[in-house]
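Numbering (the UniProt record's numbering), first residue to last: 1 to 219.
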């Protein structure tokens, strides 16, 4: 019961903390304890600065998930998990896009074997292994890998303009990231959270439809 109350309080706080949901100024400061970042913005937020905040920051690419961005997310997660003052972590994007999927431009010159036969996806499940609560604050597009990144978080908090989708199915392929990590992700979520999301592979779902389907936790 205590964990549920903590999660509920964190969700209510996201509205104030996230730029996706029109935050109030003055509740954050830069997080300088870790490395410098190119693709994400990292801060400590909240009155007591006890919420780790990761904002995807590739606006021209609609926050497409390139290798560099995923590496930086993992570095930030490691920093926050090792910080005893941090009680929870929020991952968000912009009002236009949480993340529009994997970076196709980065993948187009790779062979099938390079993409799926090696360790290309091995670092994508880091979000699901973090011991602290991880919340996805989503507005705009969360497509393909972006949708899967959100589903790997413990809670999805969706804005009015949030659109979730798995467009891979229109190309005759599968949502590779979740398929690759399915066992690790969902067994870990069962161990960690009372609010587990069993992913339903979708093309395009609105916020209200996701809530009915049990994937989105709150609006």
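Glycine included, each C-beta is placed from N, C-alpha and C at the ideal position.
Predicted model only: the values in this text are computed from it and were never measured.
Let me know the secondary structure DSSP gives residue 100 once reduced to three states. The residue you call residue 100 lines up with position 100 of the chain shown. If DSSP states are grouped into helix, strand and coil, residue 100 belongs with coil.
Close Cβ partners of residue 72 (< 6 Å) along its chain, the five nearest in sequence each way excluded: Here residue 72 corresponds to residue number 72 of the chain shown, with the count starting at 1. Here the set comprises 37, 39 and 40.
At which residues does the alpha helix (DSSP H) containing residue 145 begin and terminate? Taking the first residue of the chain shown as position 1, residue 145 is located at position 145. Segment 145 to 152, the alpha helix (DSSP H) holding residue 145.
Under 8 Å between the Cβ atoms of residue 55 and residue 111? Locating residue 55 in the chain shown gives position 55, where the first residue counts as 1. Locating residue 111 in the chain shown gives position 111, where the first residue counts as 1. Not closer than 8 Å, so no.
To which residues of the same chain is residue 68 closer than 6 Å at the C-beta, ignoring the five residues directly before and after it? Residue mapping note: residue 68 aligns to position 68 of the chain shown, counting from 1. Excluding residues within five positions, the ones whose Cβ falls inside 6 Å are 39.
Out of curiosity, what's the CA-to-CA distance linking residue 109 and residue 64? The residue given as residue 109 occupies position 109 in the chain shown. The residue given as residue 64 occupies position 64 in the chain shown. Taking the straight line from one Cα to the other gives about 16 Å.
Exposed unless 16 or more other CB atoms sit within 10 angstroms - verdict on residue 164: Within the chain shown, numbered from 1, the residue matching residue 164 stands at position 164. When all chains shown are included, residue 164 counts as buried.
Please state whether the Cβ-Cβ distance between residue 169 and residue 134 is less than 8 Å. As a first step, residue 169 must be located in the chain shown, where it is residue number 169. As a first step, residue 134 must be located in the chain shown, where it is residue number 134. No. Outside cutoff.
Report the three-state DSSP secondary structure of residue 86 (helix, strand or coil). Stepping through the chain shown from its first residue, residue 86 is reached at position 86. Residue 86 falls in the coil class under three-state DSSP.
Which residues in the same chain have their Cβ closer than 7 Å to the Cβ of residue 100, if we skip the five residues on either side of it in sequence? The residue you call residue 100 lines up with position 100 of the chain shown. The answer, listed in chain order, is 62, 63, 64, 141, 143 and 146.
Using 8 Å for Cβ pairs, my map puts residue 81 next to residue 161. What's the rounded Cβ distance? Here residue 81 refers to the residue found at position 81 of the chain shown. Here residue 161 refers to the residue found at position 161 of the chain shown. Rounded, the Cβ-Cβ distance is 30 Å, inconsistent with contact.
Can you have a look at residue 103 and say buried or exposed, based on whether 16 or more other CB atoms are within 10 angstroms of its CB? By one-based count along the chain shown, residue 103 stands at place 103. Residue 103 is buried by the Cβ-count criterion.
Count the other CB atoms, across all protein chains shown, that sit within 10 Å of the CB of residue 45; report buried if there are 16 or more and exposed otherwise. For the purposes of this step, residue 45 is identified with residue 45 of the chain shown, where counting begins at 1. Buried.
With which residues is residue 52 paired in a DSSP beta bridge? As a first step, residue 52 must be located in the chain shown, where it is residue number 52. Per DSSP, 44 and 89.
DSSP has residue 65 in a bridge; who is on the other side? Translated into the one-based positions of the chain shown, residue 65 becomes position 65. Note: residue 65 sits in a beta bridge opposite 102.
Roughly how many whole angstroms lie between the Cα atoms of residue 125 and residue 152? Translated into the one-based positions of the chain shown, residue 125 becomes position 125. Translated into the one-based positions of the chain shown, residue 152 becomes position 152. Inter-residue distance for residue 125 and residue 152 is about 8 Å (C-alpha atoms, whole angstroms).
If I follow the unbroken alpha helix (DSSP H) through residue 126, where does it start and stop? Taking the first residue of the chain shown as position 1, residue 126 is located at position 126. Its alpha helix (DSSP H) spans residues 126 to 129.
In whole angstroms, what is the alpha-carbon distance linking residue 127 and residue 167? Here residue 127 refers to the residue found at position 127 when the chain shown is read from its first residue. Here residue 167 refers to the residue found at position 167 when the chain shown is read from its first residue. Residue 127 and residue 167 have their C-alpha atoms roughly 22 Å apart.
Cα-Cα separation, residue 43 to residue 51: Reading the chain shown from its first residue, position 43 is the one you call residue 43. Reading the chain shown from its first residue, position 51 is the one you call residue 51. If I take the Cα positions, the gap works out to 8 Å.
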